[in-house]
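The working numbering puts the first residue of the sequence shown at -2, with every later residue one more than the last. All residues carry an ideal CB built from backbone N, CA and C; glycine is no exception. Beneath this line is the structure, given in structure tokens, with notes to follow.
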Amino acid sequence: MNKVLIVDDELLMRIGLKSMIDWEEQGFRIVGEAANGKEALELAEIHKPDLIITDIKMPVMDGLDLIRSNSRKHEGCQYVILSCLDEFQYAQEAVRLGAADYLIKSDIRPQQLKDALGNIRRRIAKDSAHEEAAVLKEQVREGIGYLKETLFKELISGFREEEEILERIEALKIALVQGPMILAKLRVDRFEQIRRKYIEQDEKLLRYSVVNIMEEIVSRRRGREIIVENSAEYLLVLNADGEVMHEEEVDSYNRLFAKIQASFKDFLNITVAIGVSRVSPGFGGLKKAYREADAAVKSLYFEGRSRIAYYDRIPKKIRESEVYPISQEDEKKFRLEVECSGDGAVPFIDSVRQGLRQGDYSEQAARKAYISILSLISSCYPSLPVMEGEGRTVYEQLLQEETLDEMHELVLRFLEACARHNQSRSERPQSYAEQARSIMLSQYAEDISLQSVADQINVNSSYLSRIFKQETGENFVNFLTRIRMERAQSLLKDKNIRIYEVANRVGYPNTTYFSKLFKKTTGQSPEEYRG
């Protein structure tokens, strides 16, 4: 049923139109009425009418402004103008703006109104059919694209043998021929920051724009396919001229990839890193080619953004060691430097970066090394600052940094922020260990943990754990368990209190766990202890 909004400043006119015909018999339902264009716009936002029948001259906002404003928001809406004989020039302007028909107020008869509605109904149906056809065409296009992407993902994952998919390749009209190929992986730099600026629909538009730009640039090449791996990563498969990539081919590819990078920067204001495989013998070699392109693009972690890397030209070190060694002696010295001033720790962090660059270390090894440094810094301070980063922890920010230098700078900023944050917190009337001890003695029956106690006294949990052990000679968990068991022994002396009640009163809702822990601590089960 098509929805209608009637707009006229004359109440009698609105009543007359509503009662002139059986609207639902004509395929329309009146969803509202308004006395001026402003009221009509508000109702149109709520009801999204398919048709607005409106007077031209009205107070506040006239019919022409109503059509202009509503057309910008709801392109598919139809309009019928109500005019007087002396308003014909306005009616002409309304038709120019897109009004489907106009009716002279003094001459409106039921049949005229029905005829006008019939024309509108056919226009709406035609527009709807065109829209459905466009949607169907887009769905077919997206469906074929999805099948292509699925096919290539199966190839690069090794889920299908080459022979199994050759028929599917032909059926999907893949623009590649069996023979030498290269695979390039394009990764959008700083994608997490870009994604936070986009809602889901816009992220889809971003993918569409990236693919369109790539298609435009490679459209003249004999064999090529573009695969969307995800919103941040795209694959470009190209037929190669020969089984070996010579310098002239490298130069040609460099020009192609540089043009892609420049277009992304000009039209989308994004940069991309590109990793390129060696020449693959055909579809069956795409799994290996993908691994090579992936390794090549990851190697740019040590080089910076908006670069191009070829697998056969990256240092072998990128593919090897996974652990960067930081000795216990190094950790001890680093903590002393941090606790003394913080500045003295910078040379050590710099040396780690230099070692990662020069040694046989992977991106994963670099991330692990800097996470270790973050942990060391965190354990040296009683309170940690909030780093700017869309509500993410410093560890989450570290994992999302895409180059070694960016990760290094983040750690240095964190070290400096920690030193500033804790400058004014150096003296306290009661030690953190004493405060933690008081909380445990008063809240042992509750569900408390090292983190919850640390939160109550506004101190970092790693720091609290270390300071508590230093000051009491006992770790946090053992202390909490001891006071709970001591209280349980006292309660068990009262035989009127059931064992499950004792467990609950000392912070253990699970009676079985309580019984096991009690026996481990005292050497007796609760029943044996009670006698």
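By how many angstroms is the C-alpha of residue j removed from the C-alpha of residue i?
i, j, result
"S449", "Q397", "28 Å"
"D98", "I78", "6 Å"
"K201", "E226", "13 Å"
"K530", "H44", "Any answer about residue 530 is impossible in this case: the structure gives the chain only from -2 up to 528."
"A37", "I105", "22 Å"
"M17", "L48", "17 Å"
"K111", "K102", "15 Å"
"D59", "I53", "6 Å"
"S462", "D327", "21 Å"
"P344", "I323", "14 Å"
"E7", "L114", "21 Å"
"R221", "P177", "12 Å"
"I374", "R354", "22 Å"
"S439", "Y205", "60 Å"
"G282", "E246", "19 Å"
"K295", "L180", "15 Å"
"K513", "I480", "16 Å"
"Y143", "K150", "10 Å"
Just to confirm my understanding: we take residue i, look at its own chain, exclude 5 residues before and 5 after, and list those with CB closer than 8 Å. What are they?
i, result
"Y497", "T508"
"L395", "R364, Y367, I368, L371, M404, L407, V408"
"Y298", "E360, A363, E399, T400, L401"
"V208", "I223, V225, Y231"
Are there 16 or more other CB atoms within 10 angstroms of the CB of residue i, so buried, or fewer, so exposed?
i, result
"V137", "Because the pLDDT of V137 is 49, which lies under 50, any placement of that residue in the model is unreliable, and the number read from its coordinates should be weighed accordingly. With fewer than 16 Cβ atoms within 10 Å of its Cβ, V137 is classed as exposed."
"T390", "exposed"
"S487", "exposed"
"Q258", "buried"
"Q75", "buried"
"R11", "buried"
"V320", "exposed"
"S359", "buried"
"I154", "A small correction: the amino acid at residue 154 is Ser; Ile does not occupy that position in the sequence shown. Exposed is the call here."
"M242", "buried"
"V174", "exposed"
"P506", "exposed"
"V262", "Reading the sequence as shown, one finds Lys at residue 262 and not Val. Its Cβ having fewer than 16 others within 10 Å, K262 is exposed."
"P107", "exposed"
"V276", "buried"
"F264", "exposed"
"G239", "exposed"
"R184", "buried"
"A122", "exposed"
Quick check on the DSSP output: the beta strand (DSSP E) that includes residue i runs from which residue to which?
i, result
"L100", "98 to 101"
"N236", "230 to 236"
"V77", "75 to 80"
"E226", "221 to 227"
"R184", "178 to 185"
"A31", "25 to 31"
"N(-1)", "-1 to 4"
"I105", "Per DSSP, I105 belongs to no beta strand (DSSP E) and is neither H nor E."
"I50", "48 to 52"
What span of residues does the alpha helix (DSSP H) with residue i cover, start to end?
i, result
"Y250", "244 to 265"
"S522", "Run containing S522: none; DSSP gives neither H nor E here."
"F188", "188 to 192"
"Q478", "Reading off the sequence shown, one finds Thr at residue 478, where the question assumed Gln. Element bounds for T478: 473 to 489."
"A366", "360 to 376"
"D62", "60 to 70"
"L8", "8 to 17"
"G272", "Unbroken run through G272 is the beta strand (DSSP E), 269 to 273; no alpha helix (DSSP H)."
"T469", "458 to 469"
"L353", "343 to 355"
"N501", "496 to 502"
"A41", "34 to 44"
If I measure Cβ to Cβ from residue i and keep anything under 7 Å in the same chain, skipping five residues before and after, which residues do I get?
i, result
"L477", "M437, Y441"
"I494", "L488"
"E424", "Below a pLDDT of 50, predicted positions are generally treated as unreliable, and E424, at 49, falls in that range; no measurement from the model is reported."
"F511", "A500, Y505"
"A430", "I464, F465, E468, T469"
"A229", "R184, V185, F188"
"L575", "No answer is possible for residue 575: it lies beyond the span of the chain, which begins at -2 and ends at 528."
What does a CB cutoff of less than 6 Å around residue i pick up in its chain, not counting 5 residues either side in sequence?
i, result
"R118", "G24"
"E30", "I3, R11"
"K256", "I214"
"K35", "V57, M58"
"L94", "I64"
"R484", "V503"
"R302", "D186, T268"
Quick check: is the beta carbon of residue i nearer than 8 Å to any beta carbon in chain D?
i, result
"R288", "In the displayed structure, chain D is absent; only one protein chain is listed."
In the segment 282 to 308, which residue ranges form an unbroken alpha helix (DSSP H) of at least 4 residues, counting only runs that do not cross its ends?
283 to 296
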